[in-house]
Amino acid sequence: MAAVTQKQKDEVISNFQFEGTLLSQEPYGSGHINDTFLLEFEIAEMGRLKVILQRMNREVFKKPVELMENVMGVTAYLRERIIENGGDPERETLNVIPTKEGKPYYLDSCGDYWRCYRFITDATSYDQVEKPEDFYESAVSFGNFQRLLAGYPAETLHETIEGFHDTRARFEVFKKAVADDVMGRADSVRKEIQFVLDREDVADYFGELLDKKELPLRVTHNDTKLNNIMIDDKTGKGICVIDLDTVMPGLAMNDFGDSIRFGASTAAEDEQDLTKVSCSMELFELYTKGFIEGCGGKLTEKEIRLLPMGAKVMTFECGMRFLTDYLQGDVYFKTHREGHNLDRCRTQFKLVEDMEKKWQTMQEIVEKYMNV
Ligand code: ADP
Ligand code: GN1
Ligand code: MG
18 MAAVTQKQKD EVISNFQFEG TLLSQEPYGS GHINDTFLLE FEIAEMGRLK VILQRMNREV
78 FKKPVELMEN VMGVTAYLRE RIIENGGDPE RETLNVIPTK EGKPYYLDSC GDYWRCYRFI
138 TDATSYDQVE KPEDFYESAV SFGNFQRLLA GYPAETLHET IEGFHDTRAR FEVFKKAVAD
198 DVMGRADSVR KEIQFVLDRE DVADYFGELL DKKELPLRVT HNDTKLNNIM IDDKTGKGIC
258 VIDLDTVMPG LAMNDFGDSI RFGASTAAED EQDLTKVSCS MELFELYTKG FIEGCGGKLT
318 EKEIRLLPMG AKVMTFECGM RFLTDYLQGD VYFKTHREGH NLDRCRTQFK LVEDMEKKWQ
378 TMQEIVEKYM NV
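Using the numbering used here, the first residue of the sequence shown is number 18, and each one after it goes up by one.
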């Protein structure tokens with residue numbers, strides 16, 4: 018996507034319902050998909066107010082209007098549940114700031130879609146686990162999120178990315194990327210390509226169970242990275258699940274698994290020194306405990322038994338997606354250096370191998386929390 022220009026931002030900012038004087042505007046966060054900015058306003062008598070302004074990635078999200086319909090529906094529903102539970106809806110769910118026309122998004126003259134959220138203050142979104150308790154809290158929050166949305170009318174949700182966690186379909190896309198080899202990179206990554214091809218059974222696993230109707234579809238988040246949750250700086254509690262672009266019917270195991278691949282890793286997602294990368298069983302156990310508790314008894318025994326498989330499938334899928342993007346010329350994920358997607362792919366495959374070694378332990382851990 019073309020870089021955001023200042024002229025474009027000026028147009029966008031003047032079209033949202035902001036008050037006060039704009040003091041600053043900075044690129045913000047480390048998401049791989051949208052362009053995020055932090056704006057700060059000075060409002061007479063009220064003081065300073067921060068907001069998050071985002072350009073939605075239109076190559077990734079083909080239907081931004083429908084996407085915002087999902088976000089409005091889900092946040093309104095969560096707001097009711099939070100109020101019922103005596104919580105603070107201003108901090109515990111995303112709050113969309115509308116445009117001057119009262120819409121939840123602004124379409125600019127370049128054809129880009131933008132949206133705006135109130136900034137959640139005194140809270141942090143972590144790119145890596147700093148304190149194990151934070152990871153536990155994120156597990157409770159993502160579990161809670163699923164529990165709170167259990168009654169949401171799933172049929173009203175739009176599929177914002179078709180087949181988002183259809184690992185089987187992604188395997189086919191991967192094979193095509195290898196065959197097309199548009200950048201001429203395939204020869205240099207034969208080992209990684211073989212790693213994927215050797216694991217077609219992993220790609221097929223959940224698809225086959227879904228075909229046999231053996232797994233429940235739930236309203237899930239589908240992008241449960243640690244940095245998609247805000248942790249309260251004072252209480253240390255996970256307060257708000259953010260990045261709602263991919264809330265769709267999905268599998269509980271995948272929400273669990275995507276958190277593990279990112280947060281239970283002992284290194285960053287793009288670490289180049291693979292000796293630092295492993296899947297921590299301590300963090301795996303903490304997350305398992307928190308997630309099962311957060312889901313509040315809603316998960317079936319079968320789902321709980323399949324949590325380790327969720328971790329493996331999501332890590333494998335993500336590595337395969339990074340490799341596909343590398344082969345296709347880095348067109349999907351934001352990259353900040355040469356070979357960035359390849360580095361990311363390698364950490365994921367290292368994690369998959371490590372999980373394969375620790376498989377027995379992972380099974381034993383989930384069994385331990387089966388009846389909490
Ligand atoms: P992406 O899809 O690109 O990951 P996100 O919606 O996750 O975009 O936003 C990127 C980052 O911006 C988040 O990881 C978080 O640090 C920050 N962020 C997003 N929304 C808010 C918010 N309402 N309050 C505070 N920080 C936010
Ligand atoms: C993207 O948007 P962000 O950065 O939270 C991606 C996830 C990947 C993740 C890998 C919509 O998440 O699916 O797991 O990068 N989101 C989308 O870090 O593709
Ligand atoms: Mg994000």
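Ideal placement from N, C-alpha and C gives every residue a C-beta, glycine not left out.
Only a predicted model underlies this, so the values are computations on that prediction, with no experimental measurement involved.
First and last residue of the uninterrupted beta strand (DSSP E) at residue i
i    : result
M247 : I246 to D249
Y134 : Y130 to R135
D52  : D52 to I60
K67  : G64 to R72
E43  : T38 to P44
P266 : M265 to G267
G255 : G255 to V258
R202 : Counting along the chain, R202 falls outside any beta strand (DSSP E), and DSSP gives it neither H nor E.
R235 : R235 to T237
Per-residue burial, residue i [other beta carbons within 10 Å of its own, 16 or more giving buried]
i    : result
A220 : buried
A20  : exposed
A156 : buried
N102 : exposed
I100 : exposed
L359 : buried
P325 : buried
C127 : exposed
S297 : buried
H353 : exposed
G168 : exposed
L40  : exposed
I60  : exposed
S142 : buried
G253 : exposed
D275 : buried
K229 : exposed
V146 : buried
D27  : exposed
K79  : exposed
N- and C-terminal bounds of the alpha helix (DSSP H) containing residue i
i    : result
F181 : It is not in any alpha helix (DSSP H) - F181 carries neither H nor E in the DSSP assignment.
Q23  : Q23 to I30
R96  : P81 to E101
D342 : L324 to Q345
G307 : M298 to C312
T378 : W376 to K385
V77  : Here V77 belongs to no alpha helix (DSSP H), and DSSP marks it neither H nor E.
V219 : E217 to D228
Q145 : Run containing Q145: none; DSSP gives neither H nor E here.
L214 : R207 to L214
Supposed contact pair residue j and residue i - C-beta distance, whole angstroms, cut 8 Å
i    : j    : result
G160 : I309 : 7 Å
V77  : I178 : 7 Å
L261 : V369 : About 28 Å separates the two Cβ atoms, so there is no contact after all.
F366 : G327 : About 17 Å separates the two Cβ atoms, so there is no contact after all.
R322 : A269 : Not confirmed; about 12 Å, so no contact.
P105 : D250 : Residue 105 is actually Asp in this sequence, not Pro. Actually they are not in contact, since the Cβ atoms of D105 and D250 sit about 15 Å apart, beyond 8 Å.
Q211 : C312 : At roughly 37 Å, the Cβ-Cβ gap does not stay under 8 Å, so Q211 and C312 are not in contact.
T53  : Q71  : 5 Å
I69  : C257 : Incorrect: roughly 12 Å between the Cβ atoms, too far for contact.
G90  : S158 : Not confirmed; about 20 Å, so no contact.
T184 : V330 : 6 Å
Alpha-carbon spacing of residue i relative to residue j, whole angstroms
i    : j    : result
I246 : E154 : 10 Å
P81  : K385 : 42 Å
K375 : F152 : 20 Å
A284 : R278 : 10 Å
D197 : R216 : 21 Å
N388 : F188 : 35 Å
F58  : E286 : 34 Å
K319 : V383 : 11 Å
Y123 : E97  : 26 Å
G119 : M85  : 13 Å
R363 : L291 : 8 Å
C133 : T378 : 43 Å
T38  : Q25  : 18 Å
N239 : P149 : 22 Å
Q34  : F273 : 37 Å
H182 : N271 : 8 Å
T116 : N32  : 6 Å
G346 : L214 : 20 Å
E334 : E381 : 24 Å
N244 : G64  : 28 Å
E43  : D144 : 19 Å
V199 : E209 : 17 Å
R338 : E109 : 31 Å
T22  : P233 : 45 Å
(message) Residues around the ligand MG, please: the ones whose beta-carbon is closer than 5 Å to some heavy atom of it, in chain order.
(response) Near the ligand MG, residues with a Cβ at less than 5 Å from any of the ligand's heavy atoms are G48, N245 and D260; the list follows chain order.
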